[in-house]
Structure formats: C-alpha cells, structure tokens
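Undergrad: Residue numbers (our numbering): 464 to 622.
Glycine residues also receive a C-beta, built at the ideal position from the N, C-alpha and C atoms.
Here the structure is a predicted model, which is why all the values come from computation and not from measurement.
As structure tokens, this is what we get:
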C-alpha cells in the first residue's frame, strides 16, 4: 500500500513539474538581440503584465497563435513587464491558470525608458504592445489586439 502511494505521488509530482511554466529572465541587451534575429521564422513578441487588463484579455490569442502556427515557423514570445519579485506569486500562477505554453520572458531591466526605443522608436511604453517581424518586415502595434487582428497581421507579414 505504501509503495503504491509513493508511486502515485511520484507521478503526480513529475506531471506537475512537466506542466509547470518556466519563466526566463531577460535584460534589455538580450531583448534587443532577440528582436533583431533575422532568419526564416516570423517572431511575435508581446509585451504584457498580469496587472494590465487589456493584456490579460488578449493573451489567450497569443497562446492560440503559438499552438496553431508553431509548425509554420511562427514563434510567439511573451515578455512580462511584471516586477521580478512577482514571478512566483503572480506570473507563474497566472500562466498556469491560462495554460500558457508559449515562451515567457521576464524583463529584469526596470528602467523602461532606457530600452523601449530599441524595440521601436514610436513606442510610448504603454502595454499591451506587440512586435511582429521576420527578416523582411517589421510591424509594431501599441494596442490591444483582437484575435482576428493578430492572426491577420501575422498572415500578412509571412507573405
């Protein structure tokens, strides 16, 4: 009986570990390099936070895009602008609740004015904001997106 309980707990623990979303920290230099990667992949980089209502509303669309278009060389990256100390308390529980499997990065450089111009000179710093780019095209959107808007922008850029 004890052996069975140990085995069950082992599987539960391993399942919980394998389904847990990891969040990697990134600084402004690494983010700049990421947003200028030029290969045959289309990148969709969304800047969001758990405290941003429009961000929360649209994040499911990015996850859907990630799941549906990943095999088509579309890479979704979600860059959280939450405070680093909120990873365990807010960000990871939010990602688990929303079943997010796309890559999630946490910006550690909190001096936003020092790096937002590197993403796009027109960016005021407001979120949600999305950068969609590939080696030929670059589009920056400082607005909440509907599902159709997001998918249409990606389709247009991939053409």
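1. Taking only three categories from DSSP, how would you classify residue 488?
2. Beta-carbon within less than 8 Å of residue 554's beta-carbon, same chain only, minus the 5 sequence neighbours each way: which residues are those?
3. Whole angstroms is fine: what's the gap from residue 605's alpha carbon to residue 589's?
4. Could you compute how far the alpha carbon of residue 480 sits from the alpha carbon of residue 547?
5. If we ignore side chains and look at the alpha-carbon of each, how far apart do residue 520 and residue 528 end up?
6. Relative to the alpha-carbon of residue 504, which residue among 563, 581, 556 and 535 has its alpha-carbon at the smallest distance?
7. Entirely within the region 503-546 and at least 3 residues each: give me those beta strand (DSSP E) ranges in chain order.
8. What is the rounded straight-line gap between the Cα of residue 540 and the Cα of residue 494?
9. Are the Cβ atoms of residue 610 and residue 524 separated by less than 7 Å?
10. Only counting the same chain, and skipping five residues up and downstream in sequence, which positions put a Cβ closer than 6 Å to that of residue 598?
TA: Taking the structure as given:
1. Note: residue 488 maps to strand in three-state DSSP.
2. In its chain, beyond the 5 residues on either side, 486, 513, 543, 545, 567 and 569 have a beta carbon closer than 8 Å to the beta carbon of residue 554.
3. Looking at the backbone, the Cα of residue 605 and that of residue 589 are separated by about 7 Å.
4. Note that residue 480 scores 37 on pLDDT, short of 50, meaning its location in the model is unreliable and no value can be drawn from it.
5. Residue 520 and residue 528: Cα-Cα distance of roughly 15 Å.
6. Of 563, 581, 556 and 535, the residue nearest in Cα terms is 535.
7. With a minimum length of 3 residues, the continuous beta strand (DSSP E) runs that stay inside the region 503-546 are 505-511 and 537-543.
8. C-alpha separation (whole angstroms): 11 Å.
9. Yes, the pair counts as a contact, with Cβ atoms nearer than the cut-off.
10. Cβ within range, chain order: 501.
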